[in-house]
Structures are given as structure tokens and as C-alpha cells.
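Numbering (this note's numbering), first residue to last: 66 to 326. Note that CB positions come from ideal geometry on N, CA and C, so glycine has one too. What follows is a single structure, written as C-alpha cells, with notes after it.
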């Protein structure tokens, strides 16, 4: 990475990059790691983890060049955080926090995170607004995972539905509002807003039922890809192209693809 970022002898493209321009690639690589893990292909997993690690090294190099921190500082920060959050492993066996962690690790973990957040707020001398239970949910993470965390944080603070039927009713309500805006067709901004509200409501259905919405959507993507490949294969057998088929013909091929495993 140092060579890639060295003027004159380095790579012109790499020399132009900043943390902000690299960030989308980092997110993409994280998703590719998840996809590789789902495939259970160990060589693919190794490759994608390497790509993700390269992105971490890239960010570390950029920070080092600007005098902020280096890769060693990143590793040390991660290690210190894990030590701090695992008092039952790294602390004294008779330490009250260690004893509490052995009895209720999720609760102690949350308490330690809350203390860390409070310390950060104090260090930043935040005066613009009062602390919120949502402060610890990073704005830059993928929207689906952030929605899950926002909803869970709100629930843990006491902002919750009486039971699951209310969650489903909220989905029905948001779907009806989206349909109304689509039928009216007068406000693209309103359609955009209602679509987002519906997605937010569906996210809550997912985690309340014990599954991750991101993983569910990836599974749906994979299913669509598999079935679409089946439609393409059937079309080639007819020596035709997709755009040469009628809607009814495409629908028949799609139904056939759904029946095949």
C-alpha cells in the first residue's frame, strides 16, 4: 500500500483516493465477504476476506499519511475494546463486573457500551442536543442494519408495541399509504417517503420473527437470480431472445423456473 501511494512510482488512481472515495468499496467488500460465507466456498471466503483487509489497510495508510493514526493503532483500539467488553475473560475472576458478565453477558455488554458512549459524548463536549438512546447507532452503516438497530434501541428504551399484531398492522397501514400515493401519482417525493416507511416497517417484522432482513433480501436476490437463469436457459433452447417473447410466454417460463430446484 505504501508503494501504491508513493508519488511518481505509485498508482495514479490510488494516489487520488481519499477515505470518502474508498468507503463505498469497503462496504461492497464487506457484502462480498458475507456472500462468500453463505456460499461455503473456503477459497472464495479467503479471497474476499483479503479484499476487505486490503481496504482496512488502505484506510489505515490514508490516516497515517494525514498524521491521524496507523494500522497498529487500529488493531490496538479493537483489542482494547474487546478486553474491556469481556471482563469475565480478561478481568480478575472475583471482579464484580466479571461475575455479572458470567451471569448476564448481553446485559453487561450493553452497559459497557453505554458507558463508552457516555464517555465519548463527554469528551466531545456535546451541547447541541440532549443525549439520545439512538446516539450509538452509526448513521453510515447500511440502511437495513441501521433500521434494525434503531428499532431495537427504541424498544429497549421502552418505546414498543403491545404485541406482534401491531407490527403487522403497521405494515398494512404503510402499504395502504404507499398505494394511495401511487394511485394519486401527484407527488414522487411522497411516494419515495411512503416506500421508505413501508421498508422500515417490514424490517421490524424480520427481526421480531428472528431473522435478519439483509440476509433475507440476499436470499431473495439469489432465488431470483437462479430462476432468471432458468428462464434464460429455456429461452436459449427455443433459439430466441427474451425481448422476442410475449408477456404470457415469459410468465410460463417463470412459472416453470419456480417449479425447478
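Taken in chain order, the complete alpha helix (DSSP H) segments of 4 residues or longer contained in the segment 86-154 are 107-130 and 136-150. The Cβ atoms of residue 98 and residue 118 lie no closer than 7 angstroms to each other. Residue burial is scored here from C-beta neighbours: residue 301 has fewer than 16 other C-beta atoms within 10 angstroms and is therefore classed as exposed.
Segment contact: the segment 207-216 against the segment 226-242, fewer than three CB-CB distances shorter than 8 angstroms; contact not assigned. Per DSSP, residue 167 is one residue of the alpha helix (DSSP H) stretching across 161-168. When the alpha-carbon of residue 260 is set against those of 243, 309, 251 and 238, the nearest one is in 243.
Taking 7 angstroms as the cut-off, the Cβ atoms of residue 198 and residue 222 count as close. Taking the C-beta atoms as reference points, residue 281 is found nearer than 7 angstroms to residue 271.
Judged by DSSP in its simplified three-state form, residue 219 adopts helix. In the structure shown, residue 157 adopts coil according to DSSP, grouped into three states. Contact between residue 238 and residue 247 is ruled out by a C-beta separation of about 15 angstroms, above the 8 angstroms threshold. For residue 280, the enclosing alpha helix (DSSP H) covers residues 278-302. In this chain, the alpha helix (DSSP H) harbouring residue 267 covers 253-273.
Under the criterion of beta carbons closer than 8 angstroms, residue 74 and residue 68 qualify as touching, at roughly 7 angstroms. With fewer than 16 neighbouring CB atoms inside 10 Å of its own CB, residue 253 falls in the exposed class. According to the DSSP assignment, residue 236 belongs to the alpha helix (DSSP H) that extends over 229-249. Counting of Cβ neighbours within 10 angstroms places residue 150 among the buried residues, the total reaching 16 or more.
Contact between the segment 79-94 and the segment 122-133 is established, with three or more Cβ pairs separated by less than 8 angstroms.
The beta carbon of residue 123 sits closer than 7 angstroms to the beta carbons of 66 and 87 from its chain, once the five residues preceding and following it are set aside; these are given in chain order. Closest option to residue 102, judged by alpha-carbon separation, among 283, 320, 297 and 147: 283.
Annotated as proximal: residue 163 and residue 156, with beta-carbon spacing under 7 angstroms.
With fewer than 16 other Cβ atoms from the protein chains shown falling within 10 Å of its own Cβ, residue 207 counts as exposed. For residue 293, the closest of 265, 267, 325 and 279 by C-alpha to C-alpha distance is 325. By the C-beta density criterion, residue 108 is exposed, having fewer than 16 other C-beta atoms within 10 angstroms.
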